[in-house]
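Undergrad: Let me give you the structure first, and then I'll get to my questions.
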Amino acid sequence: MPAALLKAQVDLKLQHLQKEKDLAFIGKEARISLQDEVKAELLRRVLPTPRVAEVAWDLKGGLLWTTASSSQLQSALVGLFIKAFGCELQPLAPLLLAGRLLPHLSVETLLALEPFDLNLESA
Amino acid sequence: MKPLELVEQGRFLGEEFLLWLWMRGLADGGTSGLEGDPSACFVDDAVQLVTERGDVKELSLRKGNPAESREAFEALSRGMRPAKAKVRLLSGDMEWTFSLGAAGLEISTLKLPPTQSRDPQGRMADRLFLLEEGMTHLERRFQAFLSARAERPEDLQEAMRAWLRQGLEEQAEAAAADLPWRE
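So the protein sequences, as listed, match chains A and B.
Mapping of the first sequence onto my numbering: position 58 corresponds to residue 58, and the numbering continues sequentially without gaps.
Position in the second sequence (from 1) plus 123 gives the number in my numbering.
Spelled out as structure tokens, the structure:
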């Protein structure tokens with residue numbers, strides 16, 4: 001929903017309310033609740049925009065590929081996946097991938113790794 | 124440990140992996156160093172460097188050849204670390220390009236090699252195969268990096284520092300040769 005449209009509608013409602021009740025000022029709480037009301041009203045009128053994220057599930061490898069790159073879309077996918085299949089998705093970040101690719105390396109060894117000092121100015 | 128904590132804790136490994144790919148791309152023709160692996164991998168024309176110290180927290184180098192630039196080597200030698208890089212992976216006549224993030228090794232803007240199939244199903248199967256193929260090349264490299272990182276960390280750190288030093292020296296020499304008052 002465009003922010004400018006929301007603001008314009010809220011301003012309009014505020015003006016109406018001030019005139020109607022002959023108020024000089026409207027408090028912050030009333031302003032916020034009015035904004036929520038307007039937002040809910042506008043949301044009912046806005047057409048939903050579909051967004052498609054592709055998913056490929058490698059059942060043998062236990063991997064899920066997805067084109068959902070935004071964190072919002074990813075968390076929606078994680079939620080839906082738990083609901084639909086009862087499986088929790090975990091991002092294949094370096095440490096998790098390391099455990100998967102090099103199972104002979106213990107978790108302690110991986111967790112004990114310290115970042116390299118590559119700052120030549122400190123030498 | 125929660126998954127997000129694991130992501131955060133392993134961030135430095137992703138950064139160092141990007142740096143390793145960068146180093147091997149310039150110093151070893153992009154090879155993985157593994158026997159029988161003819162593929163090559165290079166850092167392409169976009170690199171994002173980050174640091175938590177200093178006045179500049181993020182540096183984006185794009186277009187031209189940032190991987191060999193003086194700006195990049197100077198930033199790395201001051202302790203900045205790669206957070207994201209555009210990577211080019213070659214195997215035979217196939218080429219994959221994508222942006223690789225260090226924190227979660229997440230891949231974006233992936234361009235797969237062209238497929239031969241004409242029907243949608245065949246194209247989908249081809250693309251999944253190519254996706255898997257490209258990721259296998261990348262995982263093989265990550266495995267090679269991790270082995271060196273876990274088994275010989277001092278050697279790898281010294282190799283990276285030596286590469287940075289050499290890169291800085293080469294850039295300084297190139298800059299000195301380009302001085303306008305020098306005949």
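Ideal Cβ placement from N, Cα and C applies to all residues, glycine included.
#1: Just how far apart, CA to CA, sit E88 of chain A and A226 of chain B?
#2: When you compare the CB of T109 of chain A with every CB in chain B, is at least one pair closer than 9 Å?
#3: Below 6 Å CB to CB, which residues in the same chain sit around A98 of chain A once its five sequence neighbours on both sides are set aside?
#4: Residues bridged to A56 of chain A by DSSP?
#5: At least one CB of chain A closer than 9 Å to the CB of S155 of chain B: is that the case?
#6: Pull up the distance between the alpha-carbon of F265 of chain B and that of C164 of chain B, whole angstroms please.
#7: Please state if the CB of Q18 of chain A and the CB of V38 of chain A are separated by a distance shorter than 9 Å.
#8: Express the C-alpha separation of Q171 of chain B and E194 of chain B in angstroms, rounding to a whole number.
#9: Please determine if the region 216–231 of chain B and the region 244–251 of chain B are in contact, where contact requires at least 3 C-beta pairs separated by less than 8 Å.
#10: Within the continuous beta strand (DSSP E) that includes Q90 of chain A, where are the two ends?
#11: In the region 215–290 of chain B, which residue ranges form an unbroken beta strand (DSSP E) of at least 3 residues, counting only runs that do not cross its ends?
#12: Going along the chain, which residues of the region 75–99 of chain A sit with their C-beta nearer than 7 Å to a C-beta in chain B?
#13: Please state whether the Cβ-Cβ distance between L213 of chain B and G153 of chain B is less than 9 Å.
#14: Report yes or no: do three or more beta-carbon pairs, one from the region 51–62 of chain A and one from the region 23–43 of chain A, lie closer than 8 Å?
#15: Any C-beta of chain A sitting closer than 9 Å to the C-beta of Q171 of chain B?
#16: Cβ of P115 of chain A less than 9 Å from any chain B Cβ?
#17: When the Cα atoms are used, what is the spatial distance from W219 of chain B to A208 of chain B?
#18: Considering only C-alpha positions, which residue in the set B:A298, B:G177, B:A282 and B:R241 is nearest to L142 of chain B?
#19: In three-state terms, what does DSSP make of P2 of chain A?
#20: Are there any heavy atoms of the ligand FAD lying less than 8 Å away from the beta-carbon of A190 of chain B, as far as the coordinates show?
#21: Please report the straight-line C-alpha distance between L184 of chain B and D168 of chain B, rounded to a whole angstrom.
#22: By DSSP, does A197 of chain B sit in helix, in strand, or in coil?
#23: Let me check understanding here. Comparing Cα to Cα, which of B:A206, B:R211, B:H260 and B:A273 lies closest to R107 of chain A?
#24: Step through the CB atoms of chain A and report whether any lies within less than 9 Å of the CB of F85 of chain B.
#25: Identify the contact partners of L199 of chain B in chain A, using a Cβ-Cβ distance below 8 Å as the criterion.
TA: For this structure:
#1: E88 of chain A and A226 of chain B: Cα-Cα distance of roughly 20 Å.
#2: yes
#3: Here the set comprises L110.
#4: In the DSSP secondary-structure assignment, A56 of chain A is bridged to A:W65.
#5: no
#6: 12 Å
#7: no
#8: 12 Å
#9: Counting Cβ pairs under 8 Å, fewer than three are found: no touch.
#10: First-last for Q90 of chain A: undefined, no H or E at that position.
#11: 217–224 and 230–234
#12: Q90, P91, L92, A93, P94, L95, L96, L97 and A98
#13: yes
#14: no
#15: no
#16: yes
#17: 14 Å
#18: B:A282
#19: coil
#20: Among the components modelled here there is no ligand, and therefore nothing to report on the ligand FAD.
#21: 8 Å
#22: Checking the displayed sequence, the identity of residue 197 of chain B turns out to be Glu instead of Ala. In the structure shown, E197 of chain B sits in a helix (DSSP, three-state: H, G or I).
#23: The question names Arg, but residue 107 of chain A in the sequence shown is Val. Restricting attention to B:A206, B:R211, B:H260 and B:A273, the CA atom closest to the CA of V107 of chain A is found in B:A273.
#24: Because chain B here runs from 124 to 306, residue 85 of chain B falls outside it and cannot be looked at.
#25: Going along chain A in sequence order, the residues near L199 of chain B (Cβ under 8 Å) are L118.
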